[in-house]
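Contents: one structure, followed by commentary.
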Amino acid sequence: MKSVRFGRGVQGVCVAAALLSPSVAAAESNAERADALNEEGKALMKDKRYEEATDRFLQAVNLSPEGRLYFNLCAAFYQQGLFYDAVQACEAVPGNGADAALTDKAAKLLGAVKAEADRQGIDLTPPPVDPGDPIDPGDPTDPGDPSNPGDPTKPPPDR
Numbered sequence: 096m097k098s099v100r101f102g103r104g105v106q107g108v109c110v111a112a113a114l115l116s117p118s119v120a121a122a123e124s125n126a127e128r129a130d131a132l133n134e135e136g137k138a139l140m141k142d143k144r145y146e147e148a149t150d151r152f153l154q155a156v157n158l159s160p161e162g163r164l165y166f167n168l169c170a171a172f173y174q175q176g177l178f179y180d181a182v183q184a185c186e187a188v189p190g191n192g193a194d195a196a197l198t199d200k201a202a203k204l205l206g207a208v209k210a211e212a213d214r215q216g217i218d219l220t221p222p223p224v225d226p227g228d229p230i231d232p233g234d235p236t237d238p239g240d241p242s243n244p245g246d247p248t249k250p251p252p253d254r
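For the sequence shown, the residue numbers in the working numbering are 96 to 254.
Written out as structure tokens, the structure reads:
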């Protein structure tokens, strides 16, 4: 068997690849973990455990923001009657790598969400933002966000 020797340039590339491989492995493990969470969420949806499914899909989206994961998140929100959140998730599908078929499927689900919200008299218009308010209403940690009840033991911030 013949021994193969690499030149210094190839050795440098190999060393660089070895140094980069942990970050590639981490990215793969995030995607793999997101896939596992997605599968858990789908199983929970079949069992009609929508709140738990939503939790899994949210974790999956945080690890790997993909259109298919946003679609499942949209469906989970919709099943709970969380129409505003469902709209946000459905609208994120096309911009996150969804193919044409999934984009069409998301558009149909979005239509169903809006129709049901309308049937129930639920306004899906985002709340207006007060330009003088330094609090970001889109920040889930912000006590000024109406979807975040905050800490009930603390008084509301002075505005």
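Ideal Cβ positions, reconstructed from N, Cα and C, are used throughout, including at glycine.
Less than 8 angstroms divides the Cβ of A201 from the Cβ of C185. Assignment of K141 by DSSP, reduced to helix, strand and coil, places it in the helix class.
Close CB contacts of Q175 within its chain, under the 8 angstroms cut and outside five residues either way in sequence, are with Y145, E146, T149 (chain order).
Rounded to the nearest angstrom, the gap between the Cα atoms of L205 and N125 is 28 angstroms. For V182, the enclosing alpha helix (DSSP H) begins and ends at 178-187.
For the options G162, Q154, P221, the alpha carbon positioned closest to that of R128 is the one of Q154. It is roughly 12 angstroms from the alpha-carbon of Q183 to the alpha-carbon of P189.
Nearest to G162 by alpha-carbon distance, out of K141, D218, N133, is N133. Bounds of the alpha helix (DSSP H) holding L204 are 195-214.
The beta carbons of A170 and M140 sit closer together than 8 angstroms.
Around the Cβ of G136, a 10 Å sphere holds 16 or more other Cβ atoms; the residue is buried.
Excluding five sequence positions before and after V156, the CB atoms of its chain that fall closer than 7 angstroms to its own CB belong to L164, Y165, L168, given in chain order.
Leaving aside the five residues that flank Y179 on each side, the residues in its chain whose CB is nearer than 7 angstroms to its CB run, in chain order, L219.
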